[in-house]
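Colleague: One structure follows; several queries about it will come next.
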Amino acid sequence: MNFIKIFYLIIIFAGCNQMENKAPLIPMEDFFRNPEKSSFKISPDGNHIAYMKPWKSRMNVYVVDIKTDVEKRLTSSSERSIYGFLWLGNNRIGYVKDDGGDENMHFYAVDKDGSNEIDLTPFENVKTTIIDDLEEDPDHVILGLNKRNQQIFDPYRVNINTGKMEMIAENPGNISGWLTDHDGKLRIAVTSDGVNTSLLYRKSETDEFKSILTTDFKEGISPLFFTFDNKNLYVSSNRGRDKSAIYKFDIEQVQETKLIFEHEEVDVSSLMYSRKRKILTGVNYTVAKTKRVFFDDWRENIQNKLEAKLPGYEVGITSFSKDETKAVVVTYSDKSRGTYYYYDMTEDKITDLGKVSPWLNEDHMAEMKPVKYTSRDGLTIHGYLTLPKGSNGKNLPIVVNPHGGPWARDSWGYSSQVQFLANRGFGVFQMNFRGSTGYGREFWELSFKEWGKSMQDDITDGVKWLIDEGVADPKRIAIYGASYGGYATLAGLAFTPDLYACGVDYVGVSNIFTLLETLPPYWELGRQMMYEMIGNPETEKDILKAASPIFHVDSIKVPLFVAQGANDPRVKQAESDQIVEALRARSVEVPYMLKEDEGHGFYNEENQFDFYRAMEKFLKKHIG
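In terms of our numbering, the sequence shown has 302 at position 258, counting the first letter as 1, and numbering is strictly consecutive.
This is the structure in structure tokens:
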């Protein structure tokens with residue numbers, strides 16, 4: 045072993061060799077119970093703060109008056125937690141909620157005193173998207189609704205007090221996204237035929253949309269927002285380059301004219317600005333951790349003050365008052381679920397609003413460490429390794445946890461399931477296999493039509509790396525994932541049957557043919573793109589059959605725990621039913637948890653308790 049490798053390993057596992065005191069056994073419920081409070085947002089006038097808080101075991105919206113500290117519950121949802129909310133001016137709050145996990149979100153509005161609650165989208169089997177909250181128009185919001193055609197979304201200007209709505213453009217059938225200018229005028233549309241994407245533009249809402257740029261879906265621009273004069277755009281673009289970067293885009297020239305920011309290692313797609321001062325303030329990007337670069341001295345100074353006041357944590361601002369004198373601040377880390385603060389910039393005074401989960405002791409949490417390894421074809425794969433607190437980092441039972449998407453990525457920070465597993469004595473290994481987003485176009489494209497092949501090899505190679513380094517006990521390795529991670533679990537058991545002792549498949553894909561047959565209607569515009577990325581079921585049957593675990597059940601020989609929501613619109617219940625039936629027919633141990641009131645993952649607190657309680661028992665039995 046050469047010196048560089050030894051040094052690298054010392055860096056990775058330095059904390060492991062110190063033999064910290066082991067953490068006490070923490071009740072499972074403490075990791076997965078609803079937050080005490082979360083998602084704080086300040087009103088535009090800075091006088092009130094809204095947040096989520098449990099009521100009858102469901103997350104509901106509350107508001108507190110900053111001056112009087114009087115709290116008011118605004119919503120009374122007892123069947124399903126509210127997904128999220130936003131301020132609509134100073135008096136109204138909008139929130140979204142579905143029914144049993146079907147993802148057909150309704151948009152509601154309610155006064156900050158809890159009165160005048162109205163369902164603004166009272167339609168059956170209709171999904172709502174928020175296009176613009178119209179900050180400068182306190183009486184309206186622009187929503188996208190697929191009520192005319194379930195496959196596409198038309199934009200409506202909706203009165204938040206009465207529910208009266210007006211369609212402001214008709215989707216011809218190929219528009220996948222809309223963008224307004226800073227005056228709330230709908231002026232940009234993005235179309236897709238599945239493989240080609242076009243940018244459409246109009247000077248005003250009375251003009252017709254005209255196509256100004258067409259690109260292949262692999263390359264193009266993503267409009268972020270208009271320049272402050274509403275004449276041009278800021279975009280994230282990978283045209284002519286591997287890593288996406290931030291540019292100013294000239295609409296008349298149809299060209300990126302000014303590079304705002306780029307990073308040589310990762311894509312950059314997030315741009316911050318001040319609505320009040322009409323200037324760009326900075327960018328965010330993620331390598332191992334999320335970083336910020338500021339363009340604005342005032343904003344950077346605020347950040348520096350907050351980090352000095354709140355040392356030892358990542359610090360972010362979740363919302364500003366309209367005059368930018370007050371803000372809600374959040375701190376977090378790999379060991380902290382988060383703490384929120386109210387910050388008065390005029391007085392430079394910070395007030396604690398509360399921890400998300402005050403019952404969790406950070407000193408008992410495990411450290412999440414960035415790692416990297418090399419795949420069999422020479423690709424660098426980045427990931428995260430979390431070892432039980434107090435462990436020596438050697439010969440451990442490991443839970444391999446590939447992420448969903450698959451075109452997403454894992455990031456550094458607190459994870460309830462990771463901390464729970466580490467507390468139970470398991471190491472947790474997460475990796476951003478090829479196709480994971482944020483690492484550039486080439487890395488993404490290497491995943492095309494590679495389900496079950498090189499994408500899975502990246503996971504396998506990471507597991508073998510852990511074994512070679514002595515971290516993993518080769519006889520006590522489990523694989524667990526949700527959605528695509530559930531697929532990767534099944535693929536791991538089917539294609540590398542001797543590598544894992546057991547698996548946990550959570551709303552995972554077992555049969556790519558049936559997955560593609562049952563896509564939600566509003567995904568239809570992306571069907572051809574999915575065929576390009578996964579495989580065409582008509583012309584590439586061999587590829588999909590080779591990649592679908594259901595056709596390889598004879599190779600699966602270790603126990604598998606399956607969990608599924610009956611109302612899942614993305615990965616239908618049939619995906620889990622198929623694999624359970626096929627394995628039980630072969631007498632493979634397959635406990636199956638089906639929740640009738642859930643969708644793509646369990647959202648209700650009691651269902652999460654059931655799942656993680658059963659998973660703990662299953663893992664302890666087979667690798668504990």
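Just so you know, even glycine gets a beta-carbon here, dropped at the ideal spot from N, CA and C.
Note that the coordinates shown come from a computational prediction; the quantities given were computed from them, not determined experimentally.
Do V515 and G437 have their CB atoms nearer than 9 Å?
Modeller: Going by C-beta atoms, V515 is nearer than 9 Å to G437.
Colleague: DSSP state of K639, grouped into three classes?
Modeller: Residue state, collapsed to three classes: strand.
Colleague: Return the CA-CA distance between R677 and R283, expressed in angstroms with no decimal places.
Modeller: The displayed coordinates of the chain run from 45 to 668. Any statement about residue 677 would go beyond what the structure contains.
Colleague: Where does R527 land, buried or exposed, given buried means 16+ other C-beta within 10 angstroms?
Modeller: Sequence inspection shows Ser at residue 527; the Arg mentioned does not correspond to that position. S527 is buried by the Cβ-count criterion.
Colleague: Does the stretch 221–239 touch the stretch 595–607, meaning 3 or more C-beta pairs lie closer than 8 Å?
Modeller: Short answer: they don't touch.
Colleague: Return helix, strand or coil for D198, following the three-state DSSP convention.
Modeller: Correct three-state label for D198: strand.
Colleague: From the DSSP secondary-structure annotation, give me the bridge partner or partners of Q474.
Modeller: In DSSP, Q474 forms a bridge with Y428.
Colleague: Suppose you measure from the CA of A58 to the CA of M412; what does that come to, to the nearest Å?
Modeller: Residue placement at A58 is poorly supported in this model, since its pLDDT is 40, which falls under 50; the coordinates still yield a value, given next. Each residue's Cα considered, the two are about 13 Å apart.
Colleague: Which residues does DSSP list as the beta-bridge partners of W342?
Modeller: DSSP output for W342 lists no bridge partner at all.
Colleague: Classify R657: buried if its beta carbon has 16 or more other beta carbons within 10 angstroms, exposed otherwise.
Modeller: With fewer than 16 Cβ atoms within 10 Å of its Cβ, R657 is classed as exposed.
Colleague: Determine the extent of the alpha helix (DSSP H) in which D621 is found, giving its start and end residues.
Modeller: Note, D621: alpha helix (DSSP H), 617–628.
Colleague: Have a look at the DSSP bridge pairing and note the partners of K302.
Modeller: BP columns for K302 point to K292.
Colleague: Please report how far the alpha carbon of H184 lies from the alpha carbon of I204, in whole angstroms.
Modeller: Cα to Cα, the separation comes out at about 5 Å.
Colleague: For G356, which three-state DSSP category applies?
Modeller: Of the three classes helix, strand and coil, the one that applies to G356 here is coil, per DSSP.
Colleague: If F671 and Y376 are in contact, beta carbons under 8 Å, what's the gap, nearest whole angstrom?
Modeller: No answer is possible for residue 671: the residues shown for the chain start at 45 and end at 668.
Colleague: Determine the direct distance from the alpha carbon of Y428 to that of E351, and round the result to whole angstroms.
Modeller: Their backbone Cα atoms lie some 25 Å apart in a straight line.
Colleague: Do you know offhand how far R628's Cα is from Y329's?
Modeller: So the alpha carbons of these two residues sit roughly 46 Å apart.
Colleague: Quick check on the DSSP output: the beta strand (DSSP E) that includes W131 runs from which residue to which?
Modeller: Element bounds for W131: 128–132.
Colleague: May I ask you to list the residues that DSSP assigns as paired with G188?
Modeller: Its beta-bridge partners are T173, P199.
Colleague: From the DSSP secondary-structure annotation, give me the bridge partner or partners of P682.
Modeller: In the structure as shown, the chain starts at 45 and stops at 668, and residue 682 therefore has no counterpart that could be examined.
Colleague: Pull the bridge partners of S242 from the DSSP assignment, please.
Modeller: Paired residue(s): T235, T258.
Colleague: Pick out whichever of S236, F151, Y95 has its Cα sitting closest to the Cα of G398.
Modeller: Nearest of S236, F151, Y95 to G398, Cα basis: Y95.
Colleague: Return helix, strand or coil for A607, following the three-state DSSP convention.
Modeller: Three-state DSSP puts A607 in a strand.
Colleague: Can you find at least 3 beta carbon pairs, one from the stretch 529–540 and one from the stretch 488–504, that sit closer than 8 Å?
Modeller: Contact between the stretch 529–540 and the stretch 488–504 is present, because at least three Cβ pairs lie under 8 Å.
Colleague: What span of residues does the alpha helix (DSSP H) with V462 cover, start to end?
Modeller: 460–467 is the span of the alpha helix (DSSP H), which, as asked, contains V462.
Colleague: Thinking C-alpha only, which one of M316, N193, V359 is nearest F339?
Modeller: Closest by alpha carbon: M316.
Colleague: Here's the rule: buried if 16 or more other CB atoms are within 10 angstroms of the residue's CB, otherwise exposed. What is V337?
Modeller: Per the 10 Å Cβ criterion, exposed.
Colleague: Would the stretch 128–137 count as touching the stretch 616–630 if we require 3 or more Cβ pairs under 8 Å?
Modeller: Because the criterion of three Cβ pairs below 8 Å is not met, the stretch 128–137 and the stretch 616–630 do not touch.
Colleague: So, using beta-carbon positions, are L692 and S236 closer together than 9 Å?
Modeller: Limits of the chain in this structure are 45 at one end and 668 at the other, which puts residue 692 out of reach.
Colleague: Relative to the C-alpha of T395, which residue among K497, G668, K111, F75 is closest?
Modeller: Out of K497, G668, K111, F75, K111 has the C-alpha closest to the C-alpha of T395.
Colleague: Assign E650 to one of three DSSP states: helix, strand, or coil.
Modeller: Three-state result, E650: helix.
Colleague: Return yes when the Cβ of V372 is within less than 9 Å of the Cβ of I174, no when it is not.
Modeller: Going by C-beta atoms, I174 is not nearer than 9 Å to V372.
Colleague: Beta carbon of G188, beta carbon of D181: below 9 Å?
Modeller: Not a contact, by the Cβ cut-off of 9 Å.
Colleague: List in chain order: all unbroken alpha helix (DSSP H) runs of 4+ residues lying wholly within the stretch 478–514.
Modeller: Runs of the alpha helix (DSSP H) inside the stretch 478–514: 485–489, 498–512.
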